[in-house]
Structure formats: structure tokens, C-alpha cells
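**Q** Can you keep this structure in mind? I'll have questions shortly.
Residue numbers (our numbering), protein chains in the order written: chain A, 80 to 424; chain B, 80 to 424; chain C, 80 to 424; chain D, 80 to 424.
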């Protein structure tokens, strides 16, 4: 059994990790920390876990955490980077669901997160854990930076187009939409049901923290610096991300090759589903599941490739992908704990 | 492996059976029928099942069904009763999720369902499958009538009060609320998102088909004919039922005994969770799970017992309870396939 | 033109007052206060008001307010009672949308609101402003306590039954459900979209602040102290309240008289609509409008009267009723500013 | 008083016309037709209209309609074009909310709507009624083709960019999202709450009927044939459209001029609101109102102009714009009946 610790367990990614790990046969959760809720049983905060866990939240303690085989960080940015040197020194392996170790360029990180980075050494050593791109490095990594929710949906959809060089990398557009759980579980007025319900809007349209992460990932796939426009939107629902991606095909004749290109790219990927050309993936088809489903479209004789890509922001966009990364790191079957179908309707 | 057939698989209870059975270790689904969609792969209609099933819908055929160990009926009322005699003669076991075999009194059945009952023999032999009440009979039953969604939430919440005789059985009120999936997957204008979204209303307040089923179950628990008022309401959401139940305690001093009474009644029930006195169960705490969670309340010195009871209408209110019944019928661990926690948020 | 001031304008009742007053021909809003947002144009906070108001929020100042013909308080409880003596002394008229002056018994008030009442003199003089009950007193009142949202829906539905003495006043049950805007616009975790969306629950089932207000109003209508159980629920939507009311008819033969009784009781009421017997009022049929719609039901030969009553919690349950009260106080046509139909769908 | 008839009044645009016309001082609705519901009072179908209309649906009759000053068609496509010649001959003026007269090129019309056009003469004479573009022609038109919902949001947002020639007209992208009422009020399974609720998806991504209409309007604004990609999405809510528009600025230095360009373009438009640069218009800020609100964005030093544009699909996207057109046609104040602010929250 892999002994797991979770830091910052009171948020939505915390409870989602617990939910997924319940059905994982090879894992035991030995501690889950929360400064604010120390002492409270997790099942009191999250009644869906009643009968599944006896665990209570505890004060974060590096020694206890260091004794785990793996620690998940489900914290706001700025927390993991401070605790990382000590944990790394102890040899503990970590999957960090926060943004602390996602960006290579720490100046960019500092600019977008409003503070200097405090663990540059580990920022360099961290593996950006998108399994569909760097599975081998994840296997041996001590520290995996779990990708953001939007960046997962956007990168997976663009990957085959950029890796193949078939599209103009300077003209990428990602119009993405997310349910409200993506904003986390903090008492912000703007995220009240009374504000979010029955309404739709763009946000962060002039610049969102996931933009540099997306640009970094896409540039790596393309082999050149890409030009990408990314606009997130808030959907009046709880879970799910849909990203509609637009790219310009260099040679319109290549349209005929695209479906096969995508299917081949993801043929061996257990969690990426290329649907038939012209399909419309629904977010509910991945609700609670670790899948990314996507489909290709073309309008008349246009040279614009349209990709619609959906994930559950809390699963493939956070806790599920973290467990997938853990499975890879510990040489387990990659789908362990992640096999149940999505909840539809 | 238990060989299972599903009749009428295109509705919400059909897809939910498939979803649950995916993770059931001892079951294989050998056929799923649909007149209207024969030939279509189930994963084309329900993309959450992509990668989980190769099965396609087939024309209903009694011979094929009779060769199964168990057949689930997920059909509108009136279908199962016509096919039942032949299946029963063949020795096949059945869990009927429709209303055909739920009522003892076939005159009442005919009145509420607007047609004469065509299988009175099996209506008499059928076991009304609420495991928390008749587990032993289910074990050996050939035909189990799976309870309705509202009746499940309402009966479980009232059971300890009626069995103990502590409340006046002539003054029961059940104010129940359901998500829209309870109405099934038919193209009715009244169930459009444009009609249901952002609105709330009672319906069937002058009489709903689940009323006689509720009355039958509560009367059996009380040992006398009860007087019960049942008003269902439509919530602008997809899944979940909450029932707020009101009963008058004969002796207000008994209030102190109620929490223990409930806890004892359900102590060994794997799917009934009595929460601490004064809790407020949320439908999301059982979303996708086979649990019923309930809690007791009292207002000041009132003699009115308030019980709030929640289930997922498609799980404990339909497909989950059907699988629970199957597990009991085949001497499997009762919780097989039903162990994952609810999806929250 | 009536010169109006609004205290505490940043909440949902504040913006709703502004929305309604926009189309009121005889009113001009001369000031709207907010400590936290002083200086901000109201249209910056509430973009639906862009083009309708040039006004900015200002610091609350009693002198400025006293110069108004009418001041609306749209504040949390505890604010209005402190400013009231000075405003009353200045002769200013007030409609208080908060709970400060709703209860006659100040010990009960202190118990439920957790502080002593600071303006007992005006608590005694205040008129509880349910126009359908005390229109004449409102006309001449200096201070009107605007009823709460639940109490409005519940009282209107029970009124004819209690005034006529046809039901047992000791056995009243009010099962009420509200959209999330009823909780106001404060950054509480429990009211996040991620918590409220796609879920349903009871809350305050052991006692809610509107219970004593409901009991006071119903007791006055019945002429005796009533026994009433009131359980509120949270609907995953923004606006609207539905209350399903249960009462026991003393003489079942009276059922035949009930529809006429209700229609006669509200015949001259511009905002109460008794729908045909057996109807199911929807909250959307009153969205944005000052109407209360209700309908009666009976189940088979039961002696339980069922009333379903719907209002928009922000309109007839708050700002609309406040404007209705203002119209009465200033001898205007009672429906001024409140004539547009509800927004459906 | 202008005597108005409505053909096809049972859908969402029908009830919305009735709602708006209730508060219009210069209009009387003399008939509203429905083949399926003839004889039913409109207030029985739409209870928000109880107390506002005595009218019942009647069989469509050209003579009666011809006696109106203005007839609104709120019918599915294919109906208006058949009745138009007779009405036009009678001199009746018409605003057609259906798609029948929106496209100039009738081959394109036939291709997208699957039938030959039956009134080519009037298709040529019809004025495409986007007031912000052709107000003068609307004034004297006998037949106005009311623009579609998506085309309204998309055209208004692109107009200043195309008219000014500042962007590349061959690379326009419109990523649009709509609430479910846009699909009308027909019993389609795909539009059930159980299907639409808590989910998000693109649809019509390979080609939607509004694409040729959008292309026609944008090409006219640009003075050249534009290349536009248009992907609609379905939001789990009832009302509202948000369109995020992407265009490539020929000269990035022009970014500084854009806000002024937009403000000047719409300075005199009563229903178009250019919000401050970097704002995020919400659909709820126009719910129930005839406004289009929009805002501009730029990401870092990109040359991509981002415009977010919101309307209520049933108001500025249908019934409200139709009333605006009527006001123009009859030389009334353009805002009559359309002055109330949006319903927020």
C-alpha cells in the first residue's frame, strides 16, 4: 500500500482526491492537513465521505508528511514551494496540484503570481506532469507539477496539430469555458450562486494565469514560440470545462488527414478519447471521470481546424490527473482508481 | 459471472444500470434492448460509456432474455407485465424497475395507471424490493418489484416512526422534491430546460402515482391504514430527491429517544445513513451513490417530528437499488458495484 | 416627485429597489448609501442599471436621509433600529426591509437576532406592512416594517383559512423553498455556486428567524396562538419562493367552499392571484413581478387542505412590496412601478 | 393605437412579444394565432400574463391579420413566406421574426433551410432589420426581416472593426454561447432539462443556419466577402447569449483607437452599450432587456482584438428587436416599451 498525505484538504481538489482514492486498491490516505479545520473529521465537512473515512484534518507537519510515500499538495499557490525543499530532502515524492512548479520561467511566474518564487531549484527539477506528453519523465520524477485545468483541456486538443506542424503556430485561439468549481471553495462574492447562476460571461479576457502555462506547453509541442489567445468563461454549472480551439491549417488539403492524425496520436492513451469527426463532446460525458474527449470540425471549405475538447476540471483537470501521475510514478496500472464511467445524466 | 439482460435501455435508468454494472465484478451485460434504437451501440447514445461497452441495443426478444440469469426492466409501465409470464415460466429472475408489480391491490393499480393489469398472478407473487424491509424475501424471489424513487425516500424516513408506533399514523405529510431526471427521457415540452430551468413548482399535488405505493408501504410498516399526504415538486436540477417528512409524536417525551431509535433501526443497513440530530442532508451528498441519508429535527417544544431524507433518484431510487436487490438475490455482497462515494461537489 | 433615499444599497434588495424605481413615474432616488462602496457609481456595481442612473453610493448621513420624503432600509438587521429615532424625529417616513421592526415581542426579537432591541419605542409604533392585511394602517404609518420573504408567501396562503376559522390552527405546516438570492450578497462559502448548484437541502429546520414572524402573523389572523411548523429549503436557482402549506379542515364538507373563499378574500387585491383549483403555480410566473400566485389542492377524500403559494423573494418578498407600501403611504395608485408582467421563461 | 397581430404565439418569442407589448403605451394586440392551441386563453398557457390579457389564441386567418397595422411572425421557418404575398398585397406591414426573409441569396436559403423559397419577390424587398445598420430603410419598409439571435450579437460586436477596415476580414472567429430558450419550445429530447442541465457543449460546429446570415451581414459591413468561423454552444441556462469575437488587427498600433472607435460608432444607439475597456459583460446584465453590452480586450502585445458581446436572445435577439423595429416603422420613440432595466440578479 502506498501511504499518501494530502496538504490542504478542505478545497474541492482535496475532497476530490479523497473520493478517488477511496476506490484505489493500492493506496491508503494516512493524513490530510488543514490549518483552519484541524481536528474536524473529513466526513463532517464532506458528507459524501461518511462511511468511507475515519480521518480528521490535522495541522500540517512536515515530518509526518515526509513519512508518506507520496504527498499531494492541494493548496493555493505559494504554499507548496515553501515546504518543498524539506520534503524533497527527505526523499518524499510529491504531486503538486497548485501552480507553484508549473512554469519554467520564474520571472514569468513571479509576474503572474505576484510574489518571487522561493524554490527555484525544485522549479527547475519539477516535471510538468501531462502524462500524454512526458510519461517517461513522470515515472522517475520526485516532484511532479500537476497541470492546470484549462491548460490540460487546451494542450491535449492542440497537441497533434502542433506536433505535426500542420497549423500556423502563431494564430492559435482557445475559447474555454469552465464550471464554477474551478474557482475553488473560498467565500468570494463573485462566485456566489446569486452571482453565477443563470448568467454567463468571459473573465480574465485580458490575461489569465493559465495563459503562460498554456503558451509554455504549446510552444514546447510546436518547437517554436506560439502565439495563442486564451479567453476563459464562467458557466453556470459546477463541474466541467469545454475548450473550443481554432487553428489555421497551412495546407487545407491536410484536412483529410486530421482525424487519423488525432486517433493515432492518442491511440494508446487510456484517458484521451477522439470521437468521430463532427461530434460534439459534452462536459457531462466526462463528469467525475478522468477522460478528455475531443472532436474535430470543419466549416464548409474553410482552412480553420476546430477542436472541441472537454474534461472534468476537478478530475482530468486536477485530482484525477494527479492520481494518474501517482500511478505512473509508482509503476501501477495507470488507470487504477480511475476506471468508473462518468456520471451521465 | 451473472449474465444480465436489460429491457428498455435508452432511458435514464437504463444508462444508469450500465454505468453501475461497469464496475460490478461479478456481472456481465449480455443484452440490452430498445425497439426504437435497435442496432445503435450504447456508447453512441451515451458517450460516458465509450470505452466501457461494445454492446449495441437489440430488438427485445424473450428467448434471448430468458437465457439471462437476471433481467432488469427499465421500461415504461405496461411493458414488463406483458412479458413477465413467459420469462417467469422460463425460470429467469427479474428485477422490474417499472411500476408494474409494485401495488398489491390491482384495482388501485388499474385506476392510477389507466389500464387493467395483465399479469395478476405475478403481481401477487412479486416481492416489493425495499431491502431494508424485506431482505429475506428478496433473497429467494424470482420477481422483485423495485420501489419507486419518491416511495424509497419517503418510506425509509418514516419507517422507524411507524414501526415503533410512536407517531399518529393518520397525520403523515411527505413534502418531496425531485430533479428533472425523474421524469425520464421523453420529449415532453414541460420537461424542457426552457420550462424547468430557474423555476420551481409543485406538481401532482392533487394525486400522484407514487401516492398509493407510499400508502401501501407505510401502512404495512404501521400495521394500520395510514393517512398520508404526498406532494411532489420539481427542482431545477438533474438528479436528487429530498423528502421532508412531518409526523405527530403521540408523546412529546419520546423526542429524546428518536435519534437512537433511528440509529438502531438502520445500524446494519449499508446504504442508510442516519446523520446527527439537526443535520441537513444535501442531495449532492448522495449523487451517483446508493445511499439514503436522513436527519431528524424538532422546532422548539413542538410535537412534530421532522425528517429530511435524501437519495439519488436514479440510484437508490432506481438502478442502484435494483443492483442492490440483484446482489441479495444472488447471494453476493450487498454493496458490490455500489461502493464508490457520491460525487460532491 | 417623491424624493427617496436608500440605506444599504449594495445588496440584492438594494439593486432591486433601484430597478423597480426606474420605471416608477413619481419617484426620484436622491441618495443611496453604502459604507463599503462610497463613491462607486451604482451602475458600476450593477451593470443592468447602466444608462438608468448617474447616482453613486454615498456614506450614510442621517441629515441627508432625513431630507428625503421616504427612506428605504435595505440593511442587515441591527442597522435600521439605530438610525430610526433620529429619522423619526425628523418626520421622515421609512419602509424598513430589514427584520428590525417586524416582531412585536422584543424578547423574541432579541432571542432570534442575538442582540437587544435598541428602538423599542418605534418597534411598538411600526406597522407590519402586509398590505393585504393592514392597508389602512400603512396609509398613515410613519414607519413600515416590510415583511420577510418567507412570511409573505406563507401568510398570504394561510390567511383565508385562518381568518375563516375553517382549519385547525394548531396543526399548520409550511414547507417552503427559496432561491439563493434570499441569502443576500455576502461572501459565505455555503452560498457559493459550487455549494448550491445542482443540489437541494433543507436548512434551518430546527428553527429559522422567519418562524416567529410567521407565527405572529398567523396568530393574528387566527385570533389565537397558532401551532406552525416551518421548514425552509434552498433551491439551486436565483429567485423565487414556493411554499406548500398544509392545514387540517375541521369539517371536510367545507372543501367545496374553499376556492370561492380564497377568490373572495383576494378579489380586490392587485397582487394576489388565486389560480384555478388544482393548478401548480411556478416561481417563474412571478419572476421580477410583485405578484403572489396560489392554488388549492385536495388529495382524494383527505381533510388536508394543500395550498401552493409562489412569490419572487426579491419583489413581493422584499423590494416590490416595499414600493407597494410606499405607494399606499403616499396615496399613489398601488400598482405604480409594479405593472410589468413576470419574466417567463 | 397600433393594432398588432401575432402569428404563432405559443413559442418563447410569442410570449415575449406579449410581455413587452403589455407595457407599450401605443400598441394593442388584437389577435394572436396558434393552430394547435386555438381557443385557449394566452394566460392559461403563460401564467405570467394572467391579469394582463383576456386574449385567446385563434386560428390563423389572413383577413383578420391583414386588418392589423402590423403583424409579427413568431413562427418556424417556412410559414411566413407562404402567407406573405397576401398580407403584402393588403398593405399590412410585417416584422418577421423567423428566418424566411433574412438571406439575400435564395439558393443559400434553400440549402440551409431544406426547401425552396416560396416568396422570392418579397425576399428581395424585405429589409434586414438591424436598426444599428439600416434604421432609415426600416422606417419605410413594409416587410422587415428581424435578425437572428446569434447574428445580432455577432454583427454588433464586429461592426466597428469591419466598417473601419482595421481588421483582416478573412480571419474572423465568433465563439458564441446561448441559453436553451434559443432552441424554442418544442418537445425535443436533446433540449430536456435532464440533457441540458449541468452540461456544456458546442453544437452545429460544422455549420449552423446562422452562419450564412452572419457572413452576409459582416460582408456587407466590410464591403468584401469575409471569412468567418462561427461555433455556437449550449449553456445550461434559459436566457442569454454571449459571443466572444476574435479579429486580427492589421496594424497593432490601432489598438489605442479601438475604444473610441466603438464608443463613437454606437454613441447614439439607445440599445448598444460599449463598456469600459477590459470589462466582462454578463448575460444577466441584459436579461429581459433590449440591450447589447460589449467590451474590448487585448492580451499583452497581441494583435488580436477580443470583443465580448452579450444580449438576451429573446429580447434584442428576437422580440425586443422586433418591437424596436416596429417603433421605427411607426415613427414612435425607438425605446417605447423597452425602457425597463434588465433583471439582475
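We treat Cβ as the ideally placed atom computed from N, Cα and C, and that holds for glycine.
For clarity, every value in this text was computed on a predicted model and none was experimentally measured.
Given this structure, state the Cα-to-Cα distance separating residue 334(A) from residue 230(D), to the nearest angstrom.
**A** 27 Å
**Q** Do you know offhand how far residue 228(C)'s Cα is from residue 350(C)'s?
**A** 15 Å
**Q** So, is residue 404(D) buried or exposed, given that buried needs 16 or more other C-beta atoms within 10 angstroms?
**A** Residue 404(D) counts as buried, since at least 16 other C-beta atoms from the protein chains shown sit within 10 angstroms of its C-beta.
**Q** Could one say the Cβ of residue 291(B) lies closer than 8 Å to chain A's Cβ atoms, at least one of them?
**A** no
**Q** In three-state terms, what does DSSP make of residue 318(B)?
**A** coil
**Q** Is residue 303(A) helix, strand or coil by DSSP?
**A** coil
**Q** Taking its Cβ as the centre, do 16 or more other Cβ atoms sit within 10 Å of residue 168(D), making it buried, or is it exposed?
**A** exposed
**Q** So, does the CB of residue 378(B) fall closer than 8 Å to a CB anywhere in chain C?
**A** yes
**Q** Would you say residue 179(D) lies against chain A (beta-carbon separation less than 8 Å)?
**A** no
**Q** Can you tell me whether residue 161(A) is buried or exposed? The criterion is at least 16 other CB atoms within 10 Å of its CB, across all chains shown.
**A** exposed
**Q** Could you pull out every residue in the same chain whose Cβ sits closer than 7 Å to the Cβ of residue 185(D), ignoring the five residues on either side in sequence?
**A** Only 196, 199, 202 meet the Cβ criterion.
**Q** Answer with buried or exposed for residue 451(B), where buried requires no fewer than 16 other C-beta atoms within 10 angstroms of its C-beta.
**A** Lying outside 80 to 424, the shown extent of chain B, residue 451(B) is not represented and no answer is given.
**Q** Indicate the three-state DSSP secondary structure (helix, strand or coil) for residue 364(C) in the structure shown.
**A** Note: residue 364(C) maps to helix in three-state DSSP.
**Q** Would you kindly report the start and end of the unbroken alpha helix (DSSP H) that includes residue 217(C)?
**A** Where residue 217(C) is concerned, the enclosing alpha helix (DSSP H) stretches over 210–219.
**Q** What are the residues in the region 207–227 of chain C lying within 9 Å of chain A by C-beta distance?
**A** none
**Q** Helix, strand or coil for residue 197(A), going by three-state DSSP, please let me know.
**A** coil
**Q** Counting pairs of Cβ atoms below 8 Å between the region 241–259 of chain C and the region 304–324 of chain C, do you hit three or more?
**A** yes
**Q** Quick check for students: name the residue ranges of the alpha helix (DSSP H) that lie wholly in the region 247–276 of chain B, counting only runs of 4 or more.
**A** 272–275
**Q** With a CB to CB cut of under 7 Å and the five nearest residues on each side skipped, what residues in its chain are close to residue 348(B)?
**A** Around residue 348(B): 211.
**Q** Decide if residue 173(C) is buried, meaning its Cβ has at least 16 other Cβ atoms within 10 Å, or exposed.
**A** buried
**Q** Consider the Cβ of residue 444(D): report whether some Cβ of chain A lies at a distance smaller than 8 Å.
**A** In the structure displayed, chain D extends from 80 to 424; residue 444(D) sits before or after that span and is not available.
**Q** Would you mind stating whether residue 332(A) and residue 92(A) have Cβ atoms separated by less than 8 Å?
**A** no
**Q** Could you spell out the range, first to last residue, of the alpha helix (DSSP H) harbouring residue 119(A)?
**A** Residue 119(A) -> no alpha helix (DSSP H), and no H or E assigned at all.
**Q** I'd like to know if the region 301–317 of chain B and the region 335–343 of chain B are in contact, where contact means that at least 3 CB-CB pairs between them fall below 8 Å.
**A** no
**Q** What residue range is occupied by the uninterrupted beta strand (DSSP E) comprising residue 371(B)?
**A** Taken as a continuous stretch (DSSP letters only), the beta strand (DSSP E) holding residue 371(B) covers 371–376.
**Q** Spell out whether any CB of chain B is found under 8 Å from the CB atom of residue 343(A).
**A** no
**Q** Any Cβ of chain D within less than 8 Å of the Cβ of residue 319(B)?
**A** no
**Q** Whole angstroms are fine: how far does the CA of residue 259(D) sit from the CA of residue 236(B)?
**A** 36 Å
**Q** What does residue 111(A) touch in chain D if you count any residue whose Cβ is under 7 Å from its own?
**A** Here the premise fails: no neighbours, minimum Cβ distance about 28 Å.
**Q** Mind checking residue 225(C): buried by the 16 CB within 10 Å criterion, or exposed?
**A** buried
**Q** Residue 277(A) versus chain C: which residues are under 8 Å apart at the beta carbon?
**A** 316, 317
**Q** Taking residue 99(D) as the query, report the chain A residues whose CB atoms sit under 7 Å from its CB, ordered along the chain.
**A** Residues of chain A passing the Cβ test: none, with the nearest at roughly 20 Å.
**Q** Which runs of the alpha helix (DSSP H) fall wholly inside the region 150–174 of chain D and span at least 4 residues, in chain order?
**A** 159–168
**Q** From the DSSP secondary-structure annotation, give me the bridge partner or partners of residue 385(A).
**A** 325(A), 376(A)
**Q** List the residues of chain D that residue 420(C) touches, going by C-beta distances under 7 Å, in chain order.
**A** In chain order: 98, 101, 127, 128, 131.
**Q** Pull out every residue of the region 358–370 of chain B whose Cβ sits closer than 7 Å to any Cβ of chain C, in chain order.
**A** 359, 360, 361, 362, 363
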